[in-house]
Structure formats: structure tokens, C-alpha cells
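Numbering (this note's numbering), first residue to last: 451 to 535.
Ideal Cβ positions, reconstructed from N, Cα and C, are used throughout, including at glycine.
Nothing here was measured: the structure is a model prediction, and the numbers come from that model.
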Amino acid sequence: KLGVVTFNHQKHADLSLTECTSCHHTWKAGEAVKPCHACHDPKKDGETPAAKMAFHTRCIGCHEYTVGKGEPAGPQKKCKLCHIK
Numbered sequence: 451k452l453g454v455v456t457f458n459h460q461k462h463a464d465l466s467l468t469e470c471t472s473c474h475h476t477w478k479a480g481e482a483v484k485p486c487h488a489c490h491d492p493k494k495d496g497e498t499p500a501a502k503m504a505f506h507t508r509c510i511g512c513h514e515y516t517v518g519k520g521e522p523a524g525p526q527k528k529c530k531l532c533h534i535k
């Protein structure tokens, strides 16, 4: 309904407060990085949150945390700033 999320990977990777494991939380050094949907598929095991839930929790949570520290961050409630039709 809202359109695909436009995610600028490089912009997020270059932030001083993030590291690869901020988003790729199961990644271990030396392993290939898996796309989010490789793990976040509710049909896979029934326990892992769906990608939509994981993105909303992790992305919005990080934005709220960053704003709470007094730093600029991405949107928290303006969905169309990330979801572009």
C-alpha cells in the first residue's frame, strides 16, 4: 500500500553509531552477509519475526534512540519518507 522502502545502505553503514551487526545481528566475521529475508520469513520456522515487523522494530527503534540522544535521525512516524511509491 505504501510502496517499497528506499534504504540507503551506504548512508547507514557510514554512521558513527552503527556497525554491521546493528542490522545484520546474526552475522559473524568471515561469513557471507545474508539478505534480511533469508532469516526473516515467518514461514521458515514460525518464531523469527517477519521482515516487516523486524524492520519496523529495528529501524524505527534506532531512529527513536538516535533522536532521544539529541542527534538527527530518520523518520519515526512519517511512513512515506521511507516507503516511496
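Identify every residue that forms a DSSP beta bridge with residue i.
{"i": "V454", "result": "I534"}
Name the residue from the options whose alpha carbon lies nearest to the alpha carbon of residue i.
{"i": "G480", "options": "A488, H487, C486, T471", "result": "T471"}
{"i": "H462", "options": "C512, H487, Q526, P499", "result": "C512"}
{"i": "H459", "options": "H490, A504, P522, C473", "result": "C473"}
{"i": "A501", "options": "G518, H487, K478, K451", "result": "H487"}
Write down the C-beta distance between residue i and residue j rounded to the nearest angstrom, noting that I regard them as a contact closer than 8 angstroms.
{"i": "T476", "j": "C489", "result": "7 angstroms"}
{"i": "G524", "j": "C532", "result": "7 angstroms"}
Self-check item: Every unbroken alpha helix (DSSP H) inside the segment 455 to 513 [4 residues or more]
Solution: 459 to 463, 470 to 473, 486 to 489, 492 to 495, 501 to 505
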